[in-house]
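Data first, discussion second: the structure below is written as structure tokens.
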Amino acid sequence: MLAQITAVIIFLVMFVLIVSGRVERHLVTLGCGLLTLILVFGVCMRSPEAAVETLNLQSIFETEFWYQTGGGETSSAGVNWATILFIAGMMVMVEGMSEAGFFRWLCLALAALVRYRPVPLFFAFMLLSAGLAMFIDSITVIMFLAAVTMELARLLRFDPVPMVLAEIFCANLGGAATMCGDPPNIIIGTSLGYTFFDFLANTGVMAGASMAVIMVYFYLVFRKDLAAAPAAAERHSYPDPRQAIRSRAAFFSSCFIFLMAVFLLVTHAQTGLTVALIGVLIAAVTLIAAGGRTAWKILRRLDYQTAVFFIGLFLVVGGLEQTGVLELLAELIGQWSAGDAMLMAGIVIWVSAGASAFVDNIPFAATMIPVIRGLAAAHGADLPTLAWALTMGADIGGSATPIGASANVVGTAIAAQNGHPISWKRYCLPMVPAAFLVVLLSTAIIYLRYF
Amino acid sequence: MDRQTILTVGREYGSGGRDIAALLSARLGLKMYDRELLAVIAREMQVDARTLERYDEHRGNRLLYRQVGGFSNSPGDNVARLQFDYLRRLAGEGESFVVVGRCGEEILRDVPGTITVFILADRAFRRERVMAERGVTEAEADVLIGRTDQRRRAYHDRHCTGRWGDARCYDLCVNSARLGIEGTADLLERYILARQAAAPPDHTTA
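Protein chains in written order, with this note's numbering: chain A, 3 to 453; chain B, 36 to 241.
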């Protein structure tokens, strides 16, 4: 009992500190993770085995960590090293692509393709945002897309805020479509043993249908702002996409590496390569292709704090899992839903969406995985259905508020840095109904398809 | 003015800091930046100045905004940053000017030729000035003084390592109630001229 209370207190302190933003979130999770190891596993449980199991270092030395002949969920709780290695590998690749000028080139080339007309540009950037976010983290997608949107808005004299908001939403929606699109998905996928195609065939279908609806919704909501844009500037003043490319060799090699990453991810169920191995391979190829000084530059720019954040987070959630707190939570949800699987899926998607609108969806998803596993085991609910509900809820709910997802923060920050500060009211007025609409549509698809 | 001179003026509400800054700006022939700095920035960025002004010295609630990898989506933080960047750019271009508030003493600390002052005053002096200028009662003036000082302190301390009004952060802290507005401006003018005379000869010119 004492161990459970301590684990819950550490978890709540971690959440409050993350939400308050007073301390860097990686320091928060690391500190709380260490407290879990010392207080929960050491002092309360006196169980070095639980600590070793939660640290989960032994999994890295197992063949299945790198190569799997058949899908299967990870047996052990604790630190999900596969997620950390994959995210780190993708970070290296994305840094290499940014260094080569790939993203800016892509945004500008697309703008040129639609001849810089605001309405086609609006649709093109929504599609680009969703498409890129299926494979690349949404922060990077928004960082480049929002910056180019600001530049074009100044040139074409339109209000960039509607376009940035639509891009943010579509980045989060695109991220929901695949296993590698959003950190909660990769945690869910690696923990429960799902493949890229499992996600694409389930959350991908929901995201695709939602994308069609949401593009129409945003157009209807923002059409007056877009129509208000005066005639485009003279052609000669447009930025040249070719100027975005810093080195042709680096550009082509980064395109090749990106396509290789997509191929490896799409075929990982067939090839047996795990996402951990794909992450390591992609990072290695990027660094070798970049060579000496550039490779060092890429490594120095890497966001190591994210890896630390994940390690600490998994330790804290491991504490809840080892002490049986998450089993109790699963039991509670089971009681609320009276064992009704439909109600369970409904609770999972709507609670996930509501929670993710205000708190970081990564710790939320990491916490919920053992809960849905428990629900499936105790009440016979279909685990994949609950996993898709959790994915859609956690990924889409985050779009509803300016603090719900990292892409929202970055997008609204870039707008503000360019003289367009976005208040909560301005953000939430179009985004809350959009998130509500997509969660409603996803719930309907889940009910119609899986029950 | 031969040498680059930047005067940063921090001030308590009602102390006459802005008036003193305006007097010095006129006497020394320096451009003054205060609230209208945002209008200048807005014009340059081709955005609506009113939107920026809404978030000027805006404290913001930490729970309502987040930071991700150096990006903050707090409108107040970003409007402050726009002003800081603009002032740093002006200073970098060698311009001489007077800036009121805007954390000037900290963000321009490393620019040679920067003189930092903080104007404070006795409560009675400030109250009287606020009552006369705003046409409010004594009680209302006290509330205004309390609120404005609190807002300025919160804004300053959010963006600076030093504390608002802490004598260690400024070259000079002056109580304007002792010599009055004109007298304090005279004193500061002499100080600025003395500083210019004492500055090394290789100092950037405007």
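Note that CB positions come from ideal geometry on N, CA and C, so glycine has one too.
Ranking A/Ala415, A/Val277, A/Thr296, A/Arg225 by CA distance to the CA of A/Ile89 puts A/Val277 first. Residues of chain B with a Cβ closer than 8 Å to the Cβ of A/His381 do not exist, since the nearest Cβ in that chain sits about 36 Å away. Here B/Tyr48 is actually not in contact with B/Glu140; their C-beta atoms are around 17 Å apart, not less than 8 Å.
Along the segment 153 to 175 of chain A, the positions whose C-beta sits under 7 Å from a C-beta of chain B are Arg156, read in chain order. Here DSSP, grouped into helix, strand and coil, assigns B/Tyr68 to strand. Here A/Ala113 is buried, its C-beta having at least 16 other C-beta atoms within 10 Å. The secondary-structure analysis by DSSP pairs B/Val152 across a beta bridge with B/Val44, B/Leu207.
Within the segment 6 to 36 of chain A, contact with chain B at the beta-carbon level (separation under 8 Å) is assigned to Val21, Ser22, Gly23, Arg24.
Of the candidates B/Ile154, B/Glu217, B/Asp192, the residue whose Cα lies closest to the Cα of B/Val209 is B/Ile154. B/Phe106 has B/Val103 as its beta-bridge partners, per DSSP. Between B/Leu207 and B/Val133, the C-beta gap is not smaller than 8 Å, which leaves the two residues out of contact. Inside the segment 182 to 268 of chain A, DSSP marks whole alpha helix (DSSP H) runs of 4 or more residues at positions 185 to 194, 198 to 229, 250 to 268, from first to last along the chain. Taking C-alpha positions only, B/Ile227 is separated from A/His422 by approximately 38 Å. Neighbours of B/Val114 in chain A, taken as residues whose beta carbon is under 8 Å from its own, are Ala418, Pro423 in chain order.
Chain-order list of chain B residues neighbouring A/Asp305: Gly104, by C-beta distance under 8 Å.
For B/Val44, the closest C-alpha among the options B/Gly105, B/Val114, B/Leu143, B/Leu73 is that of B/Leu143.
A/Asn174 and B/Thr40 have their alpha carbons spaced roughly 49 Å apart.
Within chain B, the residues Asn108 have their CB atoms less than 7 Å from the CB of A/Thr414, given in chain order. Annotation: the continuous beta strand (DSSP E) that includes B/Val135 extends over 132 to 135. From the beta-carbon of B/Val82, the residues of chain A found nearer than 7 Å are Gly421, His422. Here B/Tyr90 carries a coil assignment [DSSP, helix/strand/coil].
If one requires a minimum length of 4 residues, the alpha helix (DSSP H) runs lying completely within the segment 374 to 434 of chain A are 385 to 399, 408 to 419, in chain order. For secondary structure counted as the alpha helix (DSSP H) over 4 or more consecutive residues, the segment 10 to 73 of chain A holds these complete runs in sequence order: 27 to 37, 50 to 57, 65 to 68. The segment 120 to 128 of chain B makes no contact with the segment 168 to 182 of chain B: fewer than 3 CB pairs, one atom from each, lie closer than 8 Å. By the C-beta criterion, the segment 389 to 400 of chain A is judged to be in contact with the segment 354 to 365 of chain A, since at least 3 inter-stretch pairs fall below 8 Å. In the three-state scheme derived from DSSP, where H, G and I count as helix and E and B as strand, A/Leu275 is classed as strand.
Nearest to A/Ala135 by C-alpha distance, out of A/Arg106, A/Glu97, A/Val166, A/Ala179, is A/Ala179. Two segments are said to touch when three or more pairs of C-beta atoms, one from each, lie closer than 8 Å; by this definition the segment 336 to 347 of chain A does not touch the segment 123 to 133 of chain A. Comparing C-alpha distances from A/Asp362 to each of A/Leu19, A/Gln6, A/Gly176, A/Asp161 shows the shortest one belongs to A/Leu19.
At a cut-off of 8 Å between beta carbons, B/Thr196 makes no contact with chain A.
Look at the segment 391 to 412 of chain A: the residues with a C-beta under 8 Å from a C-beta of chain B are Pro404, Ile405, Ser408, Asn410, Val411, Val412.
Distance from the CA of A/Val21 to the CA of B/Leu98, rounded to the nearest whole angstrom, comes to 6 Å. Collapsing the DSSP output to three states places B/Ala234 in coil.
Taking C-beta atoms as the reference points, B/Arg187 and B/Glu92 count as a pair closer than 8 Å. Within the segment 88 to 104 of chain B, those residues whose Cβ lies closer than 7 Å to any Cβ of chain A are, in chain order, Tyr90, Arg97, Leu98, Leu99, Tyr100, Arg101, Gln102, Val103, Gly104. Proximity of chain B to A/Ile141 at the Cβ level (cut-off 8 Å) is accounted for by Val103, Gly104, in chain order.
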